[in-house]
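K.L.:
Have a look at this one before I ask anything.
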Amino acid sequence: MYVAVKGGERAIDAAHEWLAHERRGDRAVPELSVAQIREQMSLAVNRVMAEGSLYDPDLAALAIKQARGDLIEAVFLLRAYRTTLPRIGTSRPVDTGTMRCDRRVSATFKDAPGGQVLGPTFDYTHRLLDFKLAAEGEVPQPPSGTPDTTPKPHITGFLGRDDLIQDEPASDEVPPDLTREPLEFPAGRALRLQALTRGDEGFVLGMAYSTQRGYGRNHAFVGELRIGTVEVEMEIPELGFDICIGEVVLTECETVNQFKGSKVEPPQFTRGYGLVFGQTERKAISMALVDRALRAEELGEENTGAPAQDEEFVLAHSDNIQATGFLEHIKLPHYVDFQSEMELVRRMRREAAAQGDVVAGQKEAAE
Amino acid sequence: MSVQTAMDEAQVDQAQADRASTDQAGTGRHDPAYNFAYLDEQTKRMIRRALLKALAIPGYQVPFASREMPMPYGWGTGGVQVTAACLEPDDVLKVIDQGADDTTNAVSIRKFFQRTAGVAVTEATGEASLIQTRHRIPETPLTEGQILVYQVPIPEPLRFLEPRETETRKMHALEEYGLMHVKLYEDIAHNGAISTAYAYPVKVEGRYVMDPSPIPKFDNPRLESPAIQLFGAGREQRIYALPPYCRVESLDFEDHPFEASKADHDCDLCGCGDSYLDEVIVDDEGGRMFVCSDTDFCATRRALGHAGRLSGEALA
Amino acid sequence: MQPDVLTGGFADPAPQSARAFRAALQAMAMPGTIHEVSGASAPAPLSAAAAVLLLTLCDRETLLHLAPGHDVQGVRDWVAFHIGAPIVPAGEAMFALGTWEALASHDAYAIGTPEYPDRAATLIVEVASLDGKGARLTGPGIRDEAFLPVPDVAAFRANARRFPLGWDAMLTCGPRLAAIPRSTTVEDITCMSQ
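Chain order of the listed sequences is X, H and W. Each residue of the first sequence is one higher than the one before, starting from 1 at the first, in full-length UniProt numbering. Each residue of the second sequence is one higher than the one before, starting from 1 at the first, in full-length UniProt numbering. Each residue of the third sequence is one higher than the one before, starting from 1 at the first, in full-length UniProt numbering.
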């Protein structure tokens with residue numbers, strides 16, 4: 001017989017114990033260390049840092065371990081932790097022009113000052129499963145050399161010199177902070193870029209891909225993609241100058257897009273921009289394409305109604321923590337609402353049936 | 001009115017005391033790893049400012065910089081933030097989901113505040129100074145001084161008619177609610193009745209159309225209350241409020257007046273004829289029973305000796 | 001700096017501001033009701049209730065206007081040390097503090113916009129007394145009617161007429177406070193008896 005479902009608390013505790021057990025897996029297999037994840041799952045760590053908006057490889061690795069490899073869950077752990085951190089200050093804008101690049105390629109020029117540096121890329125690997133890795137074969141030490149730390153000029157700078165690309169004037173305006181202020185529309189480019197850089201990689205990729213297939217097409221060339229290390233500087237008022245407080249790895253993508261011009265303005269290329277924590281080039285390229293698509297209005301292009309051109313659509317749905325929460329919450333009990341809908345349907349069916357009887361009765365009477 | 005009013009008050013108190021085994025006194029201590037009630041003081045001030053403006057403009061959705069909480073969006077992060085900003089150490093907290101204190105998410109949120117705020121908790125509606133709820137208004141009438149905090153998934157009542165925030169904001173500014181009336185009227189034209197059974201829109205003080213959160217429309221009349229009602233939508237970053245005794249009208253038409261409907265049964269456990277009921281499937285043959293959705297209300301009545309059709313079996 | 005600049009803040013901010021906020025919440029939810037708060041003291045002429053409200057609601061992110069009389073060095077230093085709110089002219093203020101007479105340029109305060117009526121100022125009005133019947137208040141949060149001395153009935157009436165726009169007022173006197181949001185209709189009792 002029915003007894004009110006008590007013991008929610010016991011059920012929760014038991015579920016958590018079970019979860020911990022499943023996370024550990026077969027105890028005959030050595031446990032993963034956080035350092036192993038940080039060093040050997042670094043692209044997962046990068047994605048979690050980027051979407052978690054927190055640059056800390058150790059914490060991101062811990063989050064991945066705790067989340068059993070569910071990266072969105074790991075992002076969530078990092079975000080929730082981030083919320084509790086006091087904000088001590090604000091860094092100076094990083095200068096990606098001074099980046100020590102591990103990788104730097106341009107699709108728009110065969111060669112350029114600074115050269116093309118392929119770096120640690122999957123691009124030309126043949127996607128054949130490497131069974132040596134399964135046998136835990138050690139990788140031979142790569143040949144060593146002196147790293148090239150000379151700053152590489154931005155490719156778009158060369159186009160800018162000839163006015164071939166639209167200038168994006170620097171500004172000292174303090175950008176709005178998505179994590180401290182409610183999102184407001186129209187959002188402006190600084191806020192859009194912020195939302196995109198922490199947006200879900202799959203979502204941003206899908207949006208970018210849709211522009212390539214004609215939903216708000218804008219003909220993107222990868223002017224430059226660079227990955228490397230930059231210094232983070234902070235101004236210390238007491239000292240009166242900036243000091244370096246650390247280094248971060250960033251991926252930056254600048255696209256060169258279809259030109260525009262008018263009777264008064266000669267044609268110029270336009271830009272899309274992507275900047276993401278860590279080595280995350282799929283995301284950075286996607287971000288640049290979506291950024292460019294979202295600039296349609298300010299660049300005076302026709303709004304074709306494409307999803308990627310729609311600021312409200314993109315920004316309201318790019319955050320995977322919001323999305324997964326709202327999506328998954330429908331598995332929570334909704335029986336009160338369902339009950340009220342069921343009552344309504346029953347009543348409407350009763351009324352329809354009664355009316356049917358009346359109609360049938362009238363028919364009979366008429367016959 | 002409900003049977004509650006007919007009961008002797010002392011009897012009710014005794015009955016509630018008897019079954020209040022799950023109630024726990026406040027420890028006065030909270031997890032030292034976090035600030036009292038989890039949120040940092042600056043975040044609380046931001047939420048508190050939004051709450052005061054929400055009370056000053058009843059029914060208007062105030063944007064607020066919702067924080068990422070340690071539970072997922074959709075699990076009540078808005079309500080949790082509002083509760084965190086309101087809690088004081090001597091509060092007695094009640095948390096319900098679907099009207100029940102023992103649903104897993106209600107248990108989880110209650111534990112969160114026991115841990116982070118050290119407050120006392122109760123299941124008795126009358127004992128609580130602050131109640132956080134999802135999807136129900138308690139059956140027991142609330143009183144002056146009590147605070148009811150709602151968890152809200154989609155705060156914008158016009159959202160499913162117009163997905164764009166920039167547009168709905170204009171509609172509220174211009175008090176342009178024609179679209180909503182057209183939708184309700186089309187319902188009547190198609191179905192012979194308004195097909196909204198929960199989250200039934202209301203107009204507050206004759207000005208703002210408001211989403212009362214997904215409460216069944218049975219609860220709508222109790223939105224006019226002596227208690228302070230606060231609504232938090234975390235993912236959508238909105239807070240809104242109803243001050244006590246605020247005028248709240250469910251939207252309707254003269255020829256199709258609003259009707260607060262419920263299952264046409266009495267509670268099978270306590271026999272109550274005017275409480276909101278859950279329908280429970282009890283066997284493979286599709287046998288059903290109906291029980292109060294408000295577990296505290298039902299248990300209190302049973303403790304007082306009220307009995308329903310199946311109470312003998314169920315209590316055994 | 002005066003010695004009292006460094007003192008008078010909350011000794012235990014989390015619980016003290018929680019209690020103070022509940023008083024403010026009840027006041028705003030039930031216009032005309034009077035609530036007592038404690039835990040703060042600030043340099044003259046700031047009342048204890050006004051000091052508590054500033055500590056509870058203001059910080060570096062809120063722009064504060066000090067009306068003449070309250071715009072004195074002691075108060076400025078106290079605000080700078082305990083709250084950090086930037087001091088701004090009336091038109092930019094999210095919170096404005098002073099006596100009604102000093103706040104008199106009340107048309108300058110933000111009243112919100114049709115899209116964002118919440119972007120309106122909160123006036124913290126230091127009054128000589130909260131006792132006595134004063135004016136009759138009706139509206140949301142009030143079952144039948146409430147009574148409170150109101151410094152300027154005409155101004156409050158005009159403010160309520162532009163609802164949902166308008167400023168909101170918290171009245172402070174010693175350790176006590178009350179609120180009159182823009183949603184409250186204020187009537188002069190003497191007019192009513194006519």
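Heads up, the beta-carbon is just placed ideally off N, CA and C, and yes, glycines get one too. Computed from a predicted structure; not experimentally measured.
#1: Answer with yes or no whether the minimum CB distance from residue 124/X to chain H is below 8 Å.
#2: Quick one: what does DSSP say residue 135/H is sitting in, helix, strand or coil?
#3: Can you name the residues of chain X whose CB is closer than 7 Å to the CB of residue 73/H?
#4: What would DSSP say about residue 188/H, mapped onto helix, strand or coil?
#5: Residues of chain H with CB closer than 7 Å to the CB of residue 142/W, please, in chain order.
#6: Pick from 154/W, 86/W, 64/W, 73/W: whose alpha carbon is nearest that of residue 189/W?
#7: My output table needs one value for residue 303/H: the three-state DSSP class, helix, strand or coil.
#8: Counting contacts by CB-CB distance shorter than 8 Å, is residue 5/X in contact with chain H?
#9: Check the DSSP bridge columns for residue 250/H and list the partner residues they point to.
#10: Nearest by alpha-carbon distance to residue 51/H: which of 193/H, 186/H, 233/H is it?
#11: Where residue 248/X and residue 55/X are concerned, what is the direct C-alpha to C-alpha distance, given to the nearest angstrom?
#12: Taking C-alpha atoms, which residue in 231/H, 103/H, 213/H, 99/H lies nearest to residue 250/H?
#13: Are at least three pairs of beta-carbons, each pair with one atom in the segment 15-32 of chain W and one in the segment 50-66 of chain W, less than 8 Å apart?
#14: Taking residue 273/X as the reference, which of 328/X, 222/X, 307/X, 338/X has the closest Cα?
#15: If you measure from the beta carbon of residue 285/X to each beta carbon in chain H, is any gap under 8 Å?
#16: With a CB to CB cut of under 8 Å and the five nearest residues on each side skipped, what residues in its chain are close to residue 135/W?
#17: Using the beta-carbon count (16 or more within 10 Å), is residue 3/X buried or exposed?
#18: Output yes if chain W places a C-beta closer than 8 Å to the C-beta of residue 164/H; else output no.
#19: For the candidate residues 202/H, 209/H, 228/H, 99/H, whose alpha-carbon lies nearest to that of residue 221/H?
#20: Quick one: which residues of the segment 163-186 of chain W get their C-beta closer than 7 Å to a C-beta of chain H? List them in chain order.
#21: Taking the DSSP output, what are the residues bridged to residue 241/X?
#22: Closer than 9 Å between beta carbons: that is the criterion. Which residues of the segment 107-134 of chain W meet it against chain H?
#23: Under 8 Å, do residue 168/H and residue 156/H count as touching if we go by C-beta distance?
#24: Mind listing the chain H neighbours of residue 15/W? Cutoff is C-beta to C-beta under 7 Å, in chain order.
#25: Residues in its own chain within less than 8 Å of residue 129/W by CB, not counting five upstream and five downstream?
#26: Assign residue 254/X to one of three DSSP states: helix, strand, or coil.
#27: Are residue 98/H and residue 336/X closer than 8 Å when you measure CB to CB?
#28: Can you check which of these residues, 160/X, 155/X, 105/X, 286/X, is closest to residue 198/X by C-alpha distance?
#29: Look at residue 203/X and residue 318/X and say whether their C-beta atoms are less than 8 Å apart.
#30: Tell me which residues share the same chain as residue 324/X and place their Cβ nearer than 8 Å to its Cβ, disregarding the 5 neighbours each side in the sequence.
#31: What residue does the beta strand (DSSP E) around residue 177/W start on, and which one ends it?
#32: Chain H partners of residue 59/W, CB-CB under 9 Å?
#33: Taking Cβ positions, are residue 111/W and residue 165/W nearer each other than 8 Å?
#34: Hey, could you find the ends of the alpha helix (DSSP H) residue 13/X is sitting in?
#35: Which residues in the same chain have their Cβ closer than 7 Å to the Cβ of residue 102/H, if we skip the five residues on either side of it in sequence?
#36: Cβ of residue 94/H less than 8 Å from any chain W Cβ?
P.N.:
Taking the structure as given:
#1: no
#2: coil
#3: 321, 322, 325, 326
#4: helix
#5: 245
#6: 154/W
#7: helix
#8: Confidence is the limiting factor: at residue 5/X the pLDDT is only 45, short of 50, which leaves the residue's position unreliable and the question unanswerable from this model.
#9: 202/H
#10: 233/H
#11: 8 Å
#12: 213/H
#13: yes
#14: 222/X
#15: no
#16: 147, 148, 149, 150, 153, 156, 186, 187, 188, 189
#17: Its pLDDT being 38, under 50, residue 3/X is placed unreliably by the model, and the measurement read from it follows with that caveat. Answer is exposed; the Cβ neighbour count stays below 16.
#18: no
#19: 202/H
#20: 164, 168, 181, 182, 183
#21: 236/X
#22: 112, 113, 114, 115, 116, 117, 118, 119, 120, 122
#23: yes
#24: 36, 88, 89
#25: 149, 173
#26: strand
#27: yes
#28: 286/X
#29: yes
#30: 72, 76
#31: 176-180
#32: 41, 42, 45, 46
#33: yes
#34: 8-24
#35: 295
#36: no
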